[in-house]
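Undergrad: The numbering of the sequence shown is the numbering used here, which starts it at 427 and goes up by one. Glycine included, every Cβ here is placed at the ideal spot set by N, Cα and C.
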Amino acid sequence: MLITNFYSLSLIHGCQTAHPTLASKASNPIKITRTASAMTISRTQSRKPYGILVARCCSSAPPKLKDQLLSTIATSNGTICEDSMALISSLEKLNPNPDVRLAPHLYSGCFQLISGSFKGTGKPGEAQKIVENTITLGRAAFNAFKPTDIEIQLKQTYNHVGIEAEDAYNVLIQFSVSSDGISPIEGMFINRGVFSISGSAKMDIIFESSAMVPVNPKRDLESWLKIFKDANPTMDEEGSAMVALPPTKGFLDYIYLDDDLRITRGHRGAVVIVQRLQHKVIDL
């Protein structure tokens with residue numbers, strides 16, 4: 427969805443871009459089920475304040491630096507500033523798991539994006555601009571869906587590593603979009619890929635497909651189809667579209683990894699910070 431960083435802007439575009447909203451895990455997952463013609467999502471998501479996220483992220487060593495990093499991110503509107511990078515450099519020197527091959531239980535799991543230094547919004551003249559929360563559809567989804575130049579607002583980004591399958595690397599990006607007087611409606615990208623560990627601190631990733639679905643089709647389907655149906659011939663009547671991607675390759679270098687925090691640098695240089703979730707927010 428990036429491949430912009432290796433999150434799709436998408437967590438790799440590492441995925442998808444960093445979003446300044448730092449909400450924590452949901453107690454009940456969003457359920458995505460595949461029917462014969464489409465995927466539907468039912469939302470039972472509850473949110474908790476950022477302060478809870480900070481408290482939990484600081485549970486393992488070195489807690490002081492992690493606390494400082496998260497506080498710095500919070501005061502810089504969710505972006506990675508120079509002070510954040512200095513703290514990340516200090517954490518890198520104290521990385522308790524420099525060889526991820528010895529810690530599959532730590533690199534696997536469900537994660538939520540906290541922040542990332544993604545560049546390029548997809549808009550003309552903004553190739554070097556740090557992404558905050560507005561980006562073009564094309565930039566966010568490998569140009570898989572149209573109109574590529576429509577602007578979307580990024581919400582939450584989640585990353586499942588080794589969950590749906592042993593080698594699965596999936597990025598899920600929630601967003602909102604509006605057009606021609608239509609009230610904002612919510613959607614989701616689901617970028618599916620596979621990963622392999624190719625070094626002591628390196629993960630290779632290949633994205634294979636991308637899907638786009640409305641989050642609340644009962645409420646938003648008519649508006650969703652008005653925006654996207656004509657431009658995306660593969661979209662079904664329930665608003666679901668899926669495309670196979672040409673081999674979309676990237677990699678992540680692990681900077682820091684412990685039981686609740688992961689910091690990586692993507693193949694295009696973007697630094698991404700994610701937090702481990704105790705439970706899945708979204709069931710694929």
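#1: For residue 671, report the span of its beta strand (DSSP E) as first-last.
#2: Hey, residue 586 and residue 710: beta-carbon distance below 9 Å or not?
#3: On the DSSP bridge assignment, give the partners of residue 580 in chain order.
#4: Indicate the three-state DSSP secondary structure (helix, strand or coil) for residue 506 in the structure shown.
#5: Within 10 angstroms of the Cβ of residue 670, are there 16 or more other Cβ atoms? Answer buried if so, exposed if not.
#6: Within the chosen definition, does the segment 688-697 reach the segment 558-571 through at least 3 CB pairs nearer than 8 Å?
#7: To the nearest angstrom, how far is the alpha carbon of residue 508 from that of residue 517?
#8: Enumerate in chain order the residues of its own chain whose CB-to-CB distance from residue 658 is below 7 Å, with the five nearest sequence positions on each side excluded.
#9: Give the DSSP bridge partners of residue 626, in chain order.
#10: What do you reckon, are the CB atoms on residue 612 and residue 575 nearer than 9 Å?
#11: Roughly how far, in whole angstroms, is the beta-carbon of residue 542 from the beta-carbon of residue 696, given that I think they are within contact range, below 8 Å?
#12: Assign residue 407 to one of two classes, buried (16 or more other C-beta atoms within 10 Å of its C-beta) or exposed (fewer than that).
#13: Between which two residues does the beta strand (DSSP E) carrying residue 540 extend?
#14: How many Å lie between residue 693 and residue 678 at the Cα?
#15: Once DSSP output is grouped into helix, strand and coil, what is the label at residue 732?
#16: Specify the secondary structure class of residue 588 as computed by DSSP and reduced to three states.
#17: What residue range does the alpha helix (DSSP H) around residue 499 cover?
#18: If you run the structure through DSSP and keep just helix, strand and coil, what is residue 708?
#19: Rounded to whole angstroms, what is the Cα-Cα separation between residue 622 and residue 589?
#20: Where do the ends of the beta strand (DSSP E) carrying residue 561 lie?
#21: Using 8 Å for Cβ pairs, my map puts residue 626 next to residue 525. What's the rounded Cβ distance?
#22: Got a sec? Which residues, its chain only, sit under 8 Å from residue 593 by beta carbon, not counting five neighbours each side?
#23: Leaving out five residues on either side along the sequence, give the residues of the same chain with a beta carbon under 6 Å from the beta carbon of residue 616.
TA: Looking at the atomic coordinates:
#1: 667-683
#2: yes
#3: 601
#4: coil
#5: exposed
#6: no
#7: 14 Å
#8: 571, 572 and 667
#9: In DSSP, residue 626 forms no bridge with anything.
#10: no
#11: 6 Å
#12: It is not possible to answer for residue 407, since the shown part of the chain is limited to 427 through 710.
#13: 535-542
#14: 6 Å
#15: Given that the chain is displayed from residue 427 to residue 710, the structure contains no residue 732 and the question cannot be resolved.
#16: coil
#17: 489-501
#18: strand
#19: 14 Å
#20: 560-562
#21: 4 Å
#22: 620, 621 and 622
#23: 598 and 637
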